[in-house]
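Since the structure comes first, as structure tokens, the remarks are kept for the end.
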Amino acid sequence: MAASTVPPTDLGTSPSLDGHALAEAMRRHLFFTQAKSPSLATSHDYYRALAMAVRDQLLQNWVDTAEAYTQSGVRTVSYLSAEYLLGPHLENNLVNLGLRDVAQEACDELGLDLMQLIAEEPEPGLGNGGLGRLAACFQESMASLELPAIGYGIRYEFGIFRQQIVRGSQVESTDPWLAQGNPWEVIRPEWSYPVVIGVHTVIGVAYDTPILGYGVHTANTLRLWSAQAPEAFDFASFNAGDYTRAVLQKINSETLSKVLYPNDETSQGKQLRLSQQIFFVSCSLQDMFRILKGQGLPVTEFHTKFAVQLNDTHPAIAVAELMRLLIDEHGVDWDTAWSITTACVSYTNHTLLPEALETWGVDLFEQLLPRQLEIIYEINTRFLRMVRIRNPGQPALLERMSLIQEGPQRKVRMANLAVVGSHRVNGVAELHSRLVRKDLFAPFVELWPEKFTNVTNGVTPRRWIAVANPSLSGLLDDTIGSTWRRDLGELSRLESYADDGAFLERWRGVRDLNKQRLSNLIHQQLGVLVDPASLFDVQVKRIHEYKRQHLAALQIVERYLRIRNGEDLPPRTFIFGGKAAPGYAMAKLIIRLIGGIAEIVNMDPAMDGRLRVVFLPNFSVSLGQKVYPAVDLSEQISTAGLEASGTGNMKMALNGAVTIGTLDGANIEIRDLVGHDNFFLFGHTAEQLEVINRGGYHPMPWLENDPIAREAIDLIGSGHFSEGDRDLFHPLLANLCGSDPYRVMADIGGYRKAHNAVDAAWVDAVGWSRMSLLNSARCGFFSSDRSIRDYAERIWNVESMPINACTVLPSAQPGRR
0 MAASTVPPTD LGTSPSLDGH ALAEAMRRHL FFTQAKSPSL ATSHDYYRAL
50 AMAVRDQLLQ NWVDTAEAYT QSGVRTVSYL SAEYLLGPHL ENNLVNLGLR
100 DVAQEACDEL GLDLMQLIAE EPEPGLGNGG LGRLAACFQE SMASLELPAI
150 GYGIRYEFGI FRQQIVRGSQ VESTDPWLAQ GNPWEVIRPE WSYPVVIGVH
200 TVIGVAYDTP ILGYGVHTAN TLRLWSAQAP EAFDFASFNA GDYTRAVLQK
250 INSETLSKVL YPNDETSQGK QLRLSQQIFF VSCSLQDMFR ILKGQGLPVT
300 EFHTKFAVQL NDTHPAIAVA ELMRLLIDEH GVDWDTAWSI TTACVSYTNH
350 TLLPEALETW GVDLFEQLLP RQLEIIYEIN TRFLRMVRIR NPGQPALLER
400 MSLIQEGPQR KVRMANLAVV GSHRVNGVAE LHSRLVRKDL FAPFVELWPE
450 KFTNVTNGVT PRRWIAVANP SLSGLLDDTI GSTWRRDLGE LSRLESYADD
500 GAFLERWRGV RDLNKQRLSN LIHQQLGVLV DPASLFDVQV KRIHEYKRQH
550 LAALQIVERY LRIRNGEDLP PRTFIFGGKA APGYAMAKLI IRLIGGIAEI
600 VNMDPAMDGR LRVVFLPNFS VSLGQKVYPA VDLSEQISTA GLEASGTGNM
650 KMALNGAVTI GTLDGANIEI RDLVGHDNFF LFGHTAEQLE VINRGGYHPM
700 PWLENDPIAR EAIDLIGSGH FSEGDRDLFH PLLANLCGSD PYRVMADIGG
750 YRKAHNAVDA AWVDAVGWSR MSLLNSARCG FFSSDRSIRD YAERIWNVES
800 MPINACTVLP SAQPGRR
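Shown next, in the form of structure tokens:
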């Protein structure tokens with residue numbers, strides 16, 4: 000790699016950094032941090048030099064923010080989440096600091112390719128899907144809105160897994176994202192806390208990452224906990240010759256922060272997962288008590304200092320752990336402790352699926368967390384006493400609301416614990432929140448109607464437009480100015496251009512550029528040529544039956560048969576991406592089906608130029624930044640009533656995609672905002688499915704009346720997409736034709752009609768561009784800034800606190816101030 004050989008010079012942080020100064024800072028870090036000369040430096044060395052130079056710039060913000068919060072004792076959001084799908088930091092920090100062009104100038108001076116350096120950054124393996132990405136968007140929005148906040152989680156050493164597609168099947172491998180270090184984090188060994196789990200004690204050590212706000216001086220903290228043993232090396236065992244035992248405690252302790260979401264189908268997996276939850280929750284709460292003490296506030300003011308947000312049920316143990324710390328460690332009486340706990344804790348529910356509403360066996364709790372279980376029992380006793388008094392003679396109601404699920408194996412219901420221990424409970428889209436109130440927590444709503452509210456999810460415009468779609472960002476800046484980055488409602492000003500032919504041509508030009516970029520990536524990674532002029536039909540998200548990737552696969556088979564039978568259909572490229580949980584056999588079989596269809600379709604000469612199918616492996620934030628701007632048709636086809644919200648639908652719509660979807664999650668709000676004529680609707684509603692289910696659903700009558708779907712299923716069953724193996728997809732087909740738990744057959748006919756409408760609309764290039772533009776223009780509501788304002792006002796009672804530069808920087812040279 001070419002680079003200037005000018006020797007490094009000393010450089011202090013400057014508030015008005017230019018390209019030359021940043022280049023000098025990079026030279027300095029290449030020498031003093033990487034210990035490399037330009038002739039030996041790799042691309043990764045230069046990436047780290049740039050990252051450290053950028054970090055130097057944001058440290059002023061970070062230190063000033065921490066100092067201001069400490070001096071003021073301001074009320075702070077403590078966001079507890081098991082996942083943070085952050086994405087790479089470098090480009091996002093450049094955008095938020097206003098240094099993107101400066102970095103380009105610096106790299107030009109050094110003869111470096113900025114985009115190549117950006118691509119060198121490993122993606123933090125701290126999340127799985129929408130839950131973790133939402134948490135990341137929220138952290139950035141809290142900083143951008145200047146809200147005092149700390150994000151708490153686990154510093155997973157290996158993340159979830161890397162996904163490869165081998166002969167159409169998912170193969171998992173380790174994701175060592177920390178192998179080359181992380182220039183953005185700072186270890187805080189002085190902030191370490193013991194957590195007792197069973198008979199063992201584990202130490203949690205803080206690793207801090209600055210989360211920079213856009214266009215402000217605020218930089219909040221994401222504090223992640225790494226597990227260590229109290230005594231890393233047993234010297235007595237080593238001296239006795241037992242070398243394995245000498246490091247056994249260290250190995251066992253550090254397992255807690257090794258991998259995101261261990262497979263909990265085994266007893267060991269369940270034990271590890273519950274241990275992870277108490278580990279990061281206890282460390283985080285202990286850290287809050289340290290902050291409280293450091294600011295001279297009494298323990299009884301905990302609830303006025305902190306607003307503790309539970310991001311789903313993973314951190315729900317915080318209710319019991321906060322009670323334990325207040326009572327056992329700080330001597331607070333039960334009633335006062337309970338008042339403090341319920342005044343500060345709030346809970347976001349992200350799912351209606353029973354499998355995601357965590358329950359843990361009482362026996363496992365007794366083994367790992369006996370004191371917390373005692374507290375849960377006491378909470379339950381007092382709670383049920385209140386319910387019994389208000390609802391005499393209703394044992395079934397008591398059973399439904401109890402924190403303990405009775406049966407052959409008694410279980411702790413973590414969602415019920417979170418509801419009882421919180422002062423606010425919110426869903427994440429209007430439909431989801433309605434179903435939470437009507438079905439999931441109906442008895443609790445009757446008891447505490449004021450406790451339940453809705454906050455529709457959102458995504459940050461900085462990451463998902465400014466960073467992901469620079470071509471669109473430039474067009475927006477030229478057309479409506481740059482303030483949309485802080486006020487996404489400004490996109491509504493695009494509406495006045497919806498009938499402007501010249502502008503729509505520029506709009507298509509941006510979209511064509513993004514589609515060409517994705518086409519090049521697909522060819523580079525998979526060797527598949529796709530036509531950027533074809534309609535890009537995209538479904539990228541976690542692979543799960545309720546998200547119904549298999550419904551999309553059936554539609555592709557139908558389309559394949561129609562083309563082979565002589566129909567002239569507009570060219571279309573189907574793009575999939577997403578990971579299946581390693582233990583989820585049906586989801587992995589859906590990936591295998593998509594891979595089998597892709598193999599046949601892409602090698603069939605009759606499909607050339609008319610139909611392509613692609614599965615992008617190892618979907619991530621980085622890959623999403625390339626995919627979302629190129630989407631023509633956004634597939635949001637979950638079974639109505641099961642998707643809490645979705646955020647991929649928002650990212651695609653904001654970047655100009657038109658949605659085909661059910662009335663599920665945030666689709667409902669998207670459709671209402673963009674206009675029913677700019678959304679392709681299909682499928683039964685949640686209410687209609689409820690009626691169908693009550694009558695006894697069976698898929699066969701639907702299938703028998705649908706010869707097109709039957710032909711597609713028969714072709715799959717014949718082994719056409721599995722090299723003649725008729726048994727490979729039998730479990731999937733038997734599921735569809737037997738129980739069909741996610742009502743694929745009930746919706747497939749409507750889905751086909753909606754796709755026919757898509758074909759008809761696509762051939763009108765101007766009309767499609769108009770729909771695309773209106774989707775962007777009318778989706779400003781789906782900013783995570785708006786979501787966070789809702790949380791701050793309705794749930795947290797937290798106000799913004801602007802940060803000014805106040806910390807005196809250390810001298811850059813001896814004697815210089």
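Heads up: the sequence shown is residues 0 to 816, going by numbering that gives the first Met the number 0.
Don't be surprised by glycine CBs; every beta carbon is placed ideally from N, CA and C.
Just so it is clear, the structure is predicted and the values come from calculations on it, not from any experiment.
Three CB pairs or more closer than 8 Å across the stretch 579-596 and the stretch 50-60: no
Length at least 4, wholly inside the stretch 404-478: the alpha helix (DSSP H) runs in chain order: 413-419, 429-434 and 441-446
Y206: first and last residue of the uninterrupted beta strand (DSSP E) it sits in: H199 to L211
Contact under 8 Å by Cβ, P109 with M51: Here residue 109 is Leu; the residue named in the question, Pro, does not match the sequence. Contact flag unset, no.
Distance, T452 Cα to Y790 Cα: 10 Å
Sequence-distant residues of its chain with Cβ nearer than 6 Å to D286 (five each side left out): none
DSSP state of I574 mapped onto helix, strand, coil: strand
Through-space distance from I747 to K546, alpha-carbon basis: 14 Å
Cβ shell of R370 (< 8 Å), same chain only, five flanking positions each side left out: R323 and D327
Other residues of its chain near I316: CB distance less than 6 Å, five sequence neighbours each side excluded: Q276, I277 and V280
Backbone CA spacing between I707 and Q523 [nearest angstrom]: 35 Å
Terminal residues of the alpha helix (DSSP H) in which S137 lies: Residue identity check: residue 137 is Phe in the sequence provided, not Ser. That run of the alpha helix (DSSP H) goes G129 to S143.
Straight-line Cα distance separating W183 from R54: 7 Å
Expected contact under 8 Å - CB spacing of A804 and H199 to nearest Å: Going by Cβ atoms, the distance from A804 to H199 rounds to 45 Å, so no, they are not a contact pair.
Same chain only: Cβ atoms within 6 Å of Y192, ignoring 5 sequence neighbours per side: G203, C282 and Q285
Collapsed DSSP secondary structure at T41 in the structure displayed: coil
Start and end residues, alpha helix (DSSP H) containing N677: Counting along the chain, N677 falls outside any alpha helix (DSSP H), and DSSP gives it neither H nor E.
C-alpha distance - H349 paired with L434, whole-angstrom precision: 12 Å
Own chain partners of T4 with C-beta closer than 6 Å, once the 5 adjacent residues on each side are dropped: Unreliable positioning characterises T4 in this predicted model, as indicated by a pLDDT of 40, which lies under 50. The coordinate reading is nonetheless provided below. Correct list, in chain order: P37.
Distance, A67 Cα to K450 Cα: 32 Å
One or two residues paired with T658 in a DSSP bridge: S633 and F678
Collapsed DSSP secondary structure at Q308 in the structure displayed: strand
Enclosing alpha helix (DSSP H) for T220 [first to last residue]: Segment A218 to Q227 is the beta strand (DSSP E) holding T220; no alpha helix (DSSP H) there.
T341, enclosing alpha helix (DSSP H) - first and last residue: W333 to C343
Buried versus exposed, by CB contacts within 10 Å (16 or more), V331: buried
Range covered by the alpha helix (DSSP H) that runs through Q515: G500 to L525
V246 - DSSP class collapsed to helix/strand/coil: Summary for V246: the model assigns pLDDT 48, below 50, so the residue's position carries little reliability; its value from the coordinates is reported in the next sentence. Correct three-state label for V246: helix.
Residue closest to E820, alpha-carbon to alpha-carbon, out of E703, C778 and V201: Because residue 820 is not part of the residues shown, which for the chain are 0 to 816, the question remains open.
C-beta contact flag for Y496 and T482 at 8 Å: no
Same chain, Cβ closer than 7 Å to K514, neighbours up to 5 away in sequence not counted: P531, F535 and A629
N-terminal and C-terminal residue of the beta strand (DSSP E) that I196 is part of: V185 to I196
6 Å CB neighbourhood of G834 in its chain, flanking five on each side removed: Here the chain has residues from 0 to 816 only, and residue 834 is not among them.
Cβ contact check for the stretch 335-353 and the stretch 627-647: 3 or more pairs under 8 Å: yes
Selection from A65, C106 and E598 that minimises the alpha carbon distance to I210: A65
Span of the beta strand (DSSP E), counted from its first residue to its last, around Q169: S168 to S172
Spatially closest choice to R492 from V165, L772, Q169 and L177, by CA coordinates: L772
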